[in-house]
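Taking it in order: structure first as structure tokens, then the write-up.
Numbering (the numbering used here), first residue to last: 2 to 122.
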């Protein structure tokens, strides 16, 4: 039987808590082992750059996050956990993404507005 594919990215922006475990981590492991979905989880460190600019802090949070997902049972042998090399080819990606999304569309995004308010505070 072919399983449906679920793709989810996780940002390494802080310490994990029970909400992370019950909200996502436990479900990914259950889907991997028993569910009808084949989860592909990736570390979205590039997306965390809007809140963390310190490279060493990002490395530590990313490492801790990967270790936590491995500890709860996500199996990298099943290609369930994908990692992104920190800050690799950031400039070329930026150029690529700039051609895909226009500024007026970005301004309309609620997440961008929330991040802008957080920065002002």
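Glycine is no exception: its CB is placed at the ideal position from the N, C-alpha and C atoms.
These figures come from a predicted structure and were not determined experimentally.
Where the alpha helix (DSSP H) through residue i begins and ends
i          : result
residue 70 : 56-72
residue 79 : No alpha helix (DSSP H) holds residue 79; DSSP gives it neither H nor E.
residue 27 : 27-34
C-beta atoms of residue i and residue j nearer than 8 Å
i           : j          : result
residue 116 : residue 16 : no
residue 66  : residue 6  : no
Residues near residue i in its chain [Cβ-Cβ closer than 6 Å; skip 5 each side]
i          : result
residue 26 : 73
residue 69 : 17
residue 40 : 7, 29, 32, 33, 81
Own chain partners of residue i with C-beta closer than 7 Å, once the 5 adjacent residues on each side are dropped
i          : result
residue 75 : 29, 30, 33, 42, 81, 82
The beta strand (DSSP E) enclosing residue i, as first and last residue numbers
i          : result
residue 5  : 5-11
residue 41 : 38-44
Contact set for residue i: own chain, Cβ-Cβ below 8 Å, skip 5 residues either direction
i          : result
residue 87 : Low per-residue confidence applies at residue 87: pLDDT is 49, beneath 50, and the placement is therefore not dependable enough to give any value.
residue 14 : 49, 52, 53, 62
residue 77 : 71
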